[in-house]
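Colleague: Before I ask anything, here is the structure I am working with.
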Amino acid sequence: MIRILVDSAADFSKKEIEEKGIHLVPLQVNFQEEQYLDGVNLERDEFYEKLVHRKDFPKTSQPSPQEFLDVFEEVKEKGDELICILLSSALSGTYQSAQLARSMADYDKIYIVDSLSAVVAIRILCDTALRMAEHGNTAQEIIEELEELKGRIQIFAAVDTLEYLAKGGRISKAAATIGDMANLKPIITVSREGTVEVVGKGIGVNRTLTAIQKKIAGYQIDENYPVYSLFSYGEENCVKLEQKMEKNGCKVDSRKQIGPAIGTHIGPEAFGVCFVEKK
Numbered sequence: 038m039i040r041i042l043v044d045s046a047a048d049f050s051k052k053e054i055e056e057k058g059i060h061l062v063p064l065q066v067n068f069q070e071e072q073y074l075d076g077v078n079l080e081r082d083e084f085y086e087k088l089v090h091r092k093d094f095p096k097t098s099q100p101s102p103q104e105f106l107d108v109f110e111e112v113k114e115k116g117d118e119l120i121c122i123l124l125s126s127a128l129s130g131t132y133q134s135a136q137l138a139r140s141m142a143d144y145d146k147i148y149i150v151d152s153l154s155a156v157v158a159i160r161i162l163c164d165t166a167l168r169m170a171e172h173g174n175t176a177q178e179i180i181e182e183l184e185e186l187k188g189r190i191q192i193f194a195a196v197d198t199l200e201y202l203a204k205g206g207r208i209s210k211a212a213a214t215i216g217d218m219a220n221l222k223p224i225i226t227v228s229r230e231g232t233v234e235v236v237g238k239g240i241g242v243n244r245t246l247t248a249i250q251k252k253i254a255g256y257q258i259d260e261n262y263p264v265y266s267l268f269s270y271g272e273e274n275c276v277k278l279e280q281k282m283e284k285n286g287c288k289v290d291s292r293k294q295i296g297p298a299i300g301t302h303i304g305p306e307a308f309g310v311c312f313v314e315k316k
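Residue numbers for the sequence shown follow my numbering, beginning at 38 and rising by one.
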């Protein structure tokens, strides 16, 4: 049997985890001395309320190797295969923790995929793996497909400020100065190397929406995969983006909220889109 594991940066709900029958290893989110497990004992709206109203800046930490090892040992005991699809190794040490746990488990039917991305990009990879496993594909066939697919997933998001990314060490403080101008909304993406890059900017919401739409227009979208809109806290701008995309012939299939693991680094006013480009 092929089983699938993701970390909490995939932003699946508890209900989805249960329905899909997948394993979840959560990242940790800390507000000073308060420690939470993303998606386990920290809900999204509760997290953003804290992020908005508290002065202390939250920090995230990767799962320990032991948390992965607990799942790996269970899989090994049952003789199953396990495909782990994880947050970009350039953004977190989660991938490295899983690799260390794999060596400790000493079981060659555990496969670890570096998504080189985050949020619904991991969801797309996970759902693809589940579908292929259900259709009888081998673990190796699934991994080959995921490795090809992950290079075609595109994310573009506007953030209210780059302050959160800079504080979390995901971009340099020099790069963060682009967001210092009043009403300027930087547009970010996740690069092919799995890093966060600033790829544009807009002054005010309307110009930012237009700038994101221009980014989308530069790609042919693969309709075999869903198009997701994204928001962190407050859906108004996300809805506006969906409407603009639809006017330009691109329909969003589903709207997803960004959870604490990534919300820590992009802040409460982010919105964007994720899609797969054609081969």
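Cβ atoms here follow ideal geometry from the backbone N, Cα and C, with glycine treated the same way.
I'd like the span of the alpha helix (DSSP H) that includes G274, first residue to last.
Modeller: Numbered from its first residue, the sequence shown carries residue 274 at position 237. Looking at the sequence itself, residue 274 is Asn, so the reference to Gly does not match. E273 to K284 is the extent of the alpha helix (DSSP H) around N274.
Colleague: Roughly how many angstroms lie between the CA atoms of L106 and D75, to the nearest whole one?
Modeller: Locating residue 106 in the sequence shown gives position 69, where the first residue counts as 1. Locating residue 75 in the sequence shown gives position 38, where the first residue counts as 1. One C-alpha to the other measures close to 19 Å.
Colleague: Is the number of C-beta pairs between the region 97–105 and the region 136–143 that are closer than 8 Å three or more?
Modeller: Yes: the two stretches touch, three or more of their Cβ pairs being nearer than 8 Å.
Colleague: Should S98 be labelled buried (16 or more other beta-carbon atoms within 10 Å of its own) or exposed?
Modeller: Working through the sequence shown from its first residue, we reach residue 98 at position 61. Label assigned to S98: exposed.
Colleague: Does the beta-carbon distance from K315 to Q257 come in below 7 Å?
Modeller: For the purposes of this step, residue 315 is identified with residue 278 of the sequence shown, where counting begins at 1. For the purposes of this step, residue 257 is identified with residue 220 of the sequence shown, where counting begins at 1. Cβ distance < 7 Å, so K315 and Q257 count as in contact.
Colleague: Return the CA-CA distance between F308 and V150, expressed in angstroms with no decimal places.
Modeller: Mapped onto the sequence shown, residue 308 falls at position 271. Mapped onto the sequence shown, residue 150 falls at position 113. For F308 and V150, the distance between alpha carbons rounds to 26 Å.
Colleague: Between H302 and L202, is the Cβ-Cβ spacing less than 7 Å?
Modeller: Sequence index remark: in the sequence shown, residue 302 carries index 265 (1-based). Sequence index remark: in the sequence shown, residue 202 carries index 165 (1-based). Cβ atoms of H302 and L202: closer than 7 Å.
Colleague: Cutting at 6 Å between CB atoms, please list the residues of its own chain near H60, excluding the five before and the five after it.
Modeller: The count along the sequence shown starts at 1 and reaches residue 60 at position 23. Within the same chain, H60 has close Cβ partners L42 and V108.
Colleague: Apart from the five residues on each side of it in sequence, which residues of its chain come closer than 8 Å, Cβ to Cβ, to E178?
Modeller: Translated into positions along the sequence shown, residue 178 becomes position 141. Result list for E178: M169, in chain order.
Colleague: Tell me the start and end of each unbroken alpha helix (DSSP H) in the region 157–197 that is at least 4 residues and wholly inside, in chain order.
Modeller: Whole alpha helix (DSSP H) segments, 4+ residues: 157–171 and 176–186.
Colleague: Between which residues of its own chain and V313 is the CB-CB distance below 8 Å, once the five residues before and five after are set aside?
Modeller: The residue you call residue 313 lines up with position 276 of the sequence shown. Within the same chain, V313 has close Cβ partners I161, L186, R189, I190, Q191, I258, D259, N261 and Y262.
Colleague: Tell me the DSSP secondary structure of V62 in three-state form.
Modeller: In the sequence shown, the residue the question calls residue 62 occupies position 25. Note: V62 maps to strand in three-state DSSP.
Colleague: Return the chain-ordered list of same chain residues with a C-beta closer than 7 Å to the C-beta of G296, the five sequence neighbours on each side being excluded.
Modeller: Residue mapping note: residue 296 aligns to position 259 of the sequence shown, counting from 1. Correct list, in chain order: S45, D48, D75, G76 and R81.
Colleague: Could you give the distance in angstroms between the alpha-carbon of G286 and the alpha-carbon of N174?
Modeller: By 1-based counting over the sequence shown, the position of residue 286 is 249. By 1-based counting over the sequence shown, the position of residue 174 is 137. Their backbone Cα atoms lie some 34 Å apart in a straight line.
Colleague: Which partner residues of T232 appear in the DSSP bridge assignment?
Modeller: Taking the sequence shown and counting its residues from 1, the one referred to as residue 232 is at position 195. Bridge partners of T232: none, in fact.
Colleague: Give the straight-line distance between the Cα atoms of E279 and I147, rounded to the nearest whole angstrom.
Modeller: By 1-based counting over the sequence shown, the position of residue 279 is 242. By 1-based counting over the sequence shown, the position of residue 147 is 110. Cα to Cα, the separation comes out at about 39 Å.
Colleague: Please decide whether E178 counts as near chain B, where near means a Cβ-Cβ distance under 7 Å.
Modeller: The chain labelled as chain B is not found in the depicted structure, where only one protein chain is given.
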